[in-house]
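Counting from 1, position 343 in the sequence shown corresponds to residue 338 in my numbering; the numbering is continuous, with no gaps.
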Amino acid sequence: MRPVRFVHCSDLHIDSPFKGISAAKTSIGEELREATFAAFRNVIDLTIDSKADFLVVAGDVYDGADRSVRAQLAFYDGLKELAEHGIRSYVAHGNHDPLAGWASSIQWPAEVKIFGGRIETDVVFRDQVPIASVSGVSYRTAQEDKNLAQDFRQATVYPDILNVAVLHCNVGSDSRHANYAPCTLKDLSTQKFNYWALGHVHDTKILCEGPYVVYPGNTQGRSMRELGPRGCYLVEVNDAGNYELEFVETDLIRWAEVSVSIDKVLTVDQLDHLVDIALVKLLNQSSRKGSVVCRIELIGRGPLYHELVHENSLNELLNRARSKYQNNKQFCWVEDIVLSCKSELSIEESRKREDLVGFVLREAEDLRKHDIGEQLGEVLNPVFQHSLSKGVLKKPTQAELEKLLEEAEIYCADLLEPN
């Protein structure tokens, strides 16, 4: 096998809007939107700087079938630049940008291969010698429910060179993602391809190493569901057939969660100082010294809890945190502050008391010893069976009910505790 180097990315979602944050802070919403363009730029720079033989884009280049002209031209500019460096590009379209969507009028460079609705195979040459083959397919429509992996059995697989398959799919019916082009790992691993370049799942995953079955994840996180580094893979295969996969961060803005404990915190200014420390640490850890969007979770137990549960306390703390870091070039936008802390009240000790607080907590403990869902069924069932809530409200799980009961215990005990 001849040595090969290529870049595998997917789910660029160029020009993706961030409506929720834009409504709260227009300038930051705009910077988030720009981040998808910057992340793609980082992919192009990596491909050129690493002297890769080709780039693979495994679906969802754009965020919707009505892809913007600006997004198309940015994508065109990047692939054209690769072509000028003699680097080929292979692009499959997924559920967000299917072939049936608005047709592009762009004339792509000869070095760019946009896969159609049927399996196609292209051979990559270096100095007129074949070094790899790349096979792929694009979604014809957004609702692709066919197992496209099976169609790859029709593709030509060449001996003695690297054979790459490009597919936007859901392997193993991952419940966190729409089940488009569903397939199993066995559907992929039993074929003769050496590397499956996948897209659709936004998390970085190497599902198999023989052959390699790889999700690089998306290049730029877009919500609190997409925490941590985002990027692509630089893949190198030497002449002995050994693989080296390097995950390269491309995101300009990092999404993160951070916990701040109120243990032994006596005053609001002390808590404010701890929040500052946590946010600065996040900024220092972010990729390329980029910006951060985060959620702060207040945890632990302390006397400050009683002040934090007062009306508007969290909103005021949130607005203060935002005001400090939102205007910097490297900004930190606090998306929300979540109250998961508790009062210093000892529930177990209070449960033994011979007063109203003790009585309420013993009732809660008795409820916990039985099936909470069954115990509360008489109260909850009318809510979930009502015509307005059917199909909208989802019944809480046992674990969720237990957490609600724990929160209710503390809330009731705090309300009933004499001042």
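We put the CB at the ideal spot given by N, CA and C, even for glycine.
Worksheet item: Are the region 61 to 71 and the region 125 to 145 touching, with three or more C-beta to C-beta distances below 8 Å?
Response: no
Worksheet entry | Start-to-end residues for the alpha helix (DSSP H) that takes in Phe70 | The residue given as residue 70 occupies position 75 in the sequence shown. Run containing Phe70: 64 to 79, per the alpha helix (DSSP H) assignment.
Item to complete: Return the first residue and the last residue of the alpha helix (DSSP H) that Tyr320 is part of.
Response: The residue labelled residue 320 in the question sits at position 325 within the sequence shown. Per DSSP, Tyr320 belongs to the alpha helix (DSSP H) from 308 to 320.
Worksheet item: Counting only beta-carbon atoms, is Leu202 nearer than 7 Å to chain D?
Response: No chain D is present in this structure, which holds just one protein chain.
Worksheet item: CB-CB under 7 Å to Asp182, same chain, minus the five flanking residues each way: which ones, in chain order?
Response: If you number the sequence shown from 1, residue 182 lands on position 187. Closer than 7 Å at Cβ, skipping near neighbours: Asn142, Ala144, Gln145.
Discussion item. Assuming Ile342 and Leu312 are in contact, meaning their beta carbons sit under 8 Å apart, how far apart are those beta carbons, in whole angstroms?
Written reply: Reading the sequence shown from its first residue, position 347 is the one you call residue 342. Reading the sequence shown from its first residue, position 317 is the one you call residue 312. Not quite, the Cβ-Cβ distance comes to about 25 Å (not below 8 Å), so this is no contact.
Practice prompt. Could you have a look at Phe242 and say whether DSSP puts it in helix, strand or coil?
Written response: As a first step, residue 242 must be located in the sequence shown, where it is residue number 247. Three-state DSSP puts Phe242 in a strand.
Worksheet entry | Glu302: first and last residue of the uninterrupted beta strand (DSSP E) it sits in | The sequence position of residue 302 within the sequence shown is 307, counting from 1. No beta strand (DSSP E) holds Glu302; the alpha helix (DSSP H) holding it covers 300 to 303.
Worksheet item: Counting Cβ pairs closer than 8 Å, one from the region 289 to 306 and one from the region 344 to 359, do we hit at least three?
Response: no
Item to complete: Pair every Cβ in the region 3 to 11 with every Cβ in the region 206 to 218, then say whether three or more of these pairs are closer than 8 Å.
Response: yes
Worksheet item: Cα separation between Ala160 and Asp92?
Response: Locating residue 160 in the sequence shown gives position 165, where the first residue counts as 1. Locating residue 92 in the sequence shown gives position 97, where the first residue counts as 1. Roughly 19 Å between the two C-alpha positions.
Worksheet item: Given Met219, which residues of its chain have a CB within under 7 Å of its CB, disregarding the five upstream and five downstream residues?
Response: Reading the sequence shown from its first residue, position 224 is the one you call residue 219. These residues qualify, in order along the chain: Trp250, Arg290, Glu330.
Practice prompt. Can you grab the Cα-Cα spacing for the pair Cys164 / Val56, in whole Å?
Written response: If you number the sequence shown from 1, residue 164 lands on position 169. If you number the sequence shown from 1, residue 56 lands on position 61. Rounded to the nearest angstrom, the two C-alpha atoms are 14 Å apart.
Worksheet item: Quick one: Cα of His8 to Cα of Glu404, how far?
Response: The count along the sequence shown starts at 1 and reaches residue 8 at position 13. The count along the sequence shown starts at 1 and reaches residue 404 at position 409. Each residue's Cα considered, the two are about 44 Å apart.
Practice prompt. Return yes when at least one heavy atom of the ligand SAM lies under 6 Å from the C-beta of Pro377, else no.
Written response: Only the bare structure without any ligand can be found here, which leaves the ligand SAM out of the picture.
Worksheet item: At which residues does the alpha helix (DSSP H) containing Ala87 begin and terminate?
Response: For the purposes of this step, residue 87 is identified with residue 92 of the sequence shown, where counting begins at 1. Taken as a continuous stretch (DSSP letters only), Ala87 belongs to no alpha helix (DSSP H), being part of the beta strand (DSSP E) at 83 to 87.
Discussion item. If the criterion is Cβ atoms closer than 7 Å, does the pair Ser11 and Leu50 meet it?
Written reply: On the sequence shown, residue 11 is found 16 positions in, with the first residue counted as 1. On the sequence shown, residue 50 is found 55 positions in, with the first residue counted as 1. Cβ atoms of Ser11 and Leu50: not closer than 7 Å.
Worksheet item: Between the beta-carbon of Asp246 and the beta-carbon of Gln215, is there less than 7 Å?
Response: Here residue 246 corresponds to residue number 251 of the sequence shown, with the count starting at 1. Here residue 215 corresponds to residue number 220 of the sequence shown, with the count starting at 1. Yes, these two residues count as a Cβ contact at 7 Å.
Practice prompt. With a 10 Å radius around its C-beta and 16 neighbouring C-beta atoms as the bar for buried, classify Ala30 as buried or exposed.
Written response: One-based indexing of the sequence shown puts residue 30 at position 35. Result: buried.
Fill in: Distance between Val52 and Ser281 (C-alpha atoms, nearest Å)
Walking along the sequence shown from the start, residue 281 turns up at place 286. Walking along the sequence shown from the start, residue 52 turns up at place 57. For Ser281 and Val52, the distance between alpha carbons rounds to 25 Å.
Worksheet entry | Top-ranked residue by Cα proximity to Gly131, from Ile109, Val124, Asp122 | Residue mapping note: residue 131 aligns to position 136 of the sequence shown, counting from 1. When only C-alpha atoms are compared, the closest one is Ile109.
Item to complete: Could you name the residues of the same chain whose beta carbon sits closer than 7 Å to that of Arg148, not counting the 5 residues immediately before and after it, in chain order?
Response: By one-based count along the sequence shown, residue 148 stands at place 153. Around Arg148: Gln186.
Practice prompt. Out of Arg0, Cys336, Leu277, point me to the one whose CA is closest to Glu302's CA.
Written response: By one-based count along the sequence shown, residue 302 stands at place 307. Minimum Cα distance to Glu302 is reached at Cys336.
Worksheet entry | Terminal residues of the alpha helix (DSSP H) in which Glu231 lies | If you number the sequence shown from 1, residue 231 lands on position 236. Here Glu231 belongs to no alpha helix (DSSP H); instead the beta strand (DSSP E) covers 226 to 232.
Discussion item. For Ser168, which residues in the same chain have their Cβ closer than 7 Å to its Cβ, ignoring the five residues on either side in sequence?
Written reply: Residue mapping note: residue 168 aligns to position 173 of the sequence shown, counting from 1. For Ser168, where only same-chain residues beyond five positions count, the Cβ hits under 7 Å are Asn174, Pro177.
Worksheet entry | Pick from Leu94, Val243, Leu229 that is closest to Val(-1), judged by C-alpha positions | The residue labelled residue -1 in the question sits at position 4 within the sequence shown. Ranking the options by Cα distance to Val(-1), first place goes to Leu229.
Worksheet item: When we look at the beta-carbon of Asp48 and count the other beta-carbons within 10 Å, is it buried (16 or more) or exposed?
Response: Within the sequence shown, numbered from 1, the residue matching residue 48 stands at position 53. Counting Cβ neighbours within 10 Å, Asp48 comes out buried, since at least 16 surround it.
Worksheet item: Roughly how many angstroms lie between the CA atoms of Val287 and Asn90, to the nearest whole one?
Response: As a position in the sequence shown, residue 287 is number 292, starting the count at 1. As a position in the sequence shown, residue 90 is number 95, starting the count at 1. Taking the straight line joining both Cα atoms gives about 28 Å.
Discussion item. Check whether the region 149 to 158 and the region 116 to 126 are in contact - that is, three or more C-beta pairs closer than 8 Å.
Written reply: yes
Worksheet entry | Span of the beta strand (DSSP E), counted from its first residue to its last, around Lys108 | Indexing the sequence shown from 1 puts residue 108 at position 113. Segment 107 to 109, the beta strand (DSSP E) holding Lys108.
Discussion item. Since Trp41 and Ile248 should fall inside the 8 Å C-beta cutoff, what is the C-beta to C-beta distance between them, to a whole number of angstroms?
Written reply: Along the sequence shown, read from residue 1 onward, the residue named residue 41 stands at position 46. Along the sequence shown, read from residue 1 onward, the residue named residue 248 stands at position 253. The question names Trp, but residue 41 in the sequence shown is Leu. 18 Å between Cβ atoms; not a contact.
Practice prompt. Note down the Cα distance separating Val253 from Ile101, rounded to an integer number of angstroms.
Written response: By one-based count along the sequence shown, residue 253 stands at place 258. By one-based count along the sequence shown, residue 101 stands at place 106. In a straight line, the C-alpha of Val253 is about 44 Å away from that of Ile101.
Worksheet entry | Extent of the continuous beta strand (DSSP E) to which Ile291 belongs | Stepping through the sequence shown from its first residue, residue 291 is reached at position 296. Run containing Ile291: 286 to 294, per the beta strand (DSSP E) assignment.
Worksheet item: Can you round the beta-carbon distance between Ile82 and Glu106 to whole angstroms, since I take them to be within the 8 Å contact cut?
Response: Position 87 of the sequence shown, counting from 1, holds the residue named residue 82. Position 111 of the sequence shown, counting from 1, holds the residue named residue 106. Contact flag correct, Cβ pair sits at about 7 Å.
Discussion item. Within the continuous alpha helix (DSSP H) that includes Val270, where are the two ends?
Written reply: Locating residue 270 in the sequence shown gives position 275, counting from the first residue. Here the alpha helix (DSSP H) through Val270 covers 263 to 280.
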